[in-house]
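Right, one structure below, let's go through it.
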Amino acid sequence: MESDGAARANGLLVVKIGGGVRLEPVLDDVAAQVEAGVPVVLVHGGGPEADRLSAAVGLPVGTVRSPDGTRGRRTDAAAMDVVTMALLGRVKPALVGGLLARGVRAVGLSGADDGLVTAERKQAIRSVEDGRVRLIRDDLSGRITEVRPELLRTLLGIGLVPVVSPPAAGGEGRLLNVDSDQVAASLAVALGAAALVLLTDVPGVLADPEDPESVIRDLAQEPPGAGGRMRHKVRAALRARTRVPLVVVASGLVDRPVTAALTGGGTVVTGTLPGTAEPVGADGGRA
């Protein structure tokens with residue numbers, strides 16, 4: 458049976474699973490999309506699992522708070538090891554295994570595989586600590602600079618679902634942590650996706666972060682109240698909208714969450730992020 462959302466997507470679909478999202482309904486819905494003939498790329502992060510693994514090995518979780526209020530993970534060498542183990546050793550196998558159990562052929566990849574996602578290390582990160590700005594110079598996080606989508610096109614062409622996550626390739630054999638929403642947005646643009654769905658643990662982008670009923674149905678620009686992880690997600694969505702016809706930020710806590718997002722649920726992104734460069738694809742196009 459064709460999924461309602463499959464008709465709306467009408468082409469390649471990139472789905473990002475955010476932290477706190479229930480995996481089983483997402484995997485059920487992805488399987489339904491694939492059965493309906495929609496090619497899907499599944500992207501994931503793994504912040505909560507990385508936190509659990511950090512606690513298990515006794516490594517404190519550090520955060521970076523930029524002057525504009527956004528927060529990110531402090532990724533020194535030890536934290537990078539934990540993030541890599543969490544994403545590639547725990548989250549990804551669970552997703553690939555869940556798809557295989559539903560009869561969907563899937564393969565797990567990181568951004569470093571075949572140079573799928575390349576990033577440039579941030580040489581210095583400004584972090585606000587105790588009211589003062591501190592420069593952090595040993596962080597292993599990066600900005601995406603290039604996407605090589607050929608491998609994904611090959612896998613999609615033989616009916617597989619690529620399951621993709623950070624880390625990215627950083628040059629000289631180094632791995633870099635990159636934002637998983639930006640990975641999803643960059644892949645959607647590079648692949649010419651018909652739709653990008655960013656699933657999260659709230660109903661969409663909220664005008665008031667404390668009020669789950671304040672969903673912004675049509676988002677033309679970054680809202681003043683967006684903070685924390687949602688600000689990263691909104692910026693990725695606005696950047697993707699420069700090339701992707703349908704971009705939605707929606708709840709991953711409902712039944713058939715992908716279909717719900719494609720048929721009017723959550724926040725539909727209508728604007729773009731001005732003044733930002735897109736990563737360059739290996740074929741010379743924009744990624």
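Here the numbering used here is used: the first residue of the sequence shown is 458, the next is one more, and so on.
Note that the Cβ used here is the ideal one computed from N, Cα and C, for glycine as well.
Remember, it's a predicted structure, so these values are computed and weren't measured experimentally.
- The three-state reading of DSSP puts residue 546 in helix, counting H, G and I together.
- In this structure residue 576 does not touch residue 605 by the C-beta definition: roughly 13 Å separates them, more than the 8 Å allowed.
- In the three-state DSSP reduction, residue 675 falls in the strand class (E or B).
- In the displayed model, residue 643 falls within a helix according to three-state DSSP.
- Where residue 611 is concerned, the enclosing alpha helix (DSSP H) starts and stops at 607-614.
- Scanning its chain for C-beta atoms nearer than 6 Å, with the 5 sequence neighbours on each side dropped, one finds around residue 676 the residues 662, 724, 726, in chain order.
- DSSP places residue 575 within a strand segment (E or B) once states are collapsed to three.
- Here residue 690 is not bridged, per DSSP, to any residue.
- One alpha carbon belongs to residue 536, the other to residue 590, and they sit about 22 Å apart.
- In the structure shown, residue 669 falls within a coil segment according to DSSP collapsed to helix, strand and coil.
- Taken through DSSP and simplified to helix, strand or coil, residue 619 comes out as strand.
- Between residue 617 and residue 697, the alpha-carbon positions lie close to 23 Å from each other.
- Secondary structure note for residue 654: its beta strand (DSSP E) is the uninterrupted segment 652-657.
- Under the three-state reduction of DSSP, residue 493 is assigned to coil, being neither helix nor strand.
- Distances from the CA of residue 481 to each of 555, 539, 490 were compared; the closest alpha carbon is that of 555.
- Residue burial is scored here from C-beta neighbours: residue 539 has at least 16 other C-beta atoms within 10 angstroms and is therefore classed as buried.
- The beta carbons of residue 704 and residue 472 sit no closer together than 8 Å.
- Comparing C-alpha distances from residue 496 to each of 659, 620, 728 shows the shortest one belongs to 620.
- DSSP places residue 697 within a helical segment (H, G or I) once states are collapsed to three.
- Here residue 709 is not near residue 636, since their CB atoms are 8 Å or more apart.
- In the three-state scheme derived from DSSP, where H, G and I count as helix and E and B as strand, residue 523 is classed as coil.
- Ranked by Cα distance from residue 541, the first of 505, 522, 489 is 505.
- Bounds of the beta strand (DSSP E) holding residue 529 are 528-530.
- Around the C-beta of residue 615, fewer than 16 other C-beta atoms lie within 10 Å, and the residue is accordingly described as exposed.
- Taking the Cβ atoms as the reference, residue 597 lies roughly 7 Å from residue 533, within the contact range of under 8 Å.
- Per the C-alpha coordinates, the member of 689, 717, 612, 515 positioned closest to residue 730 is 689.
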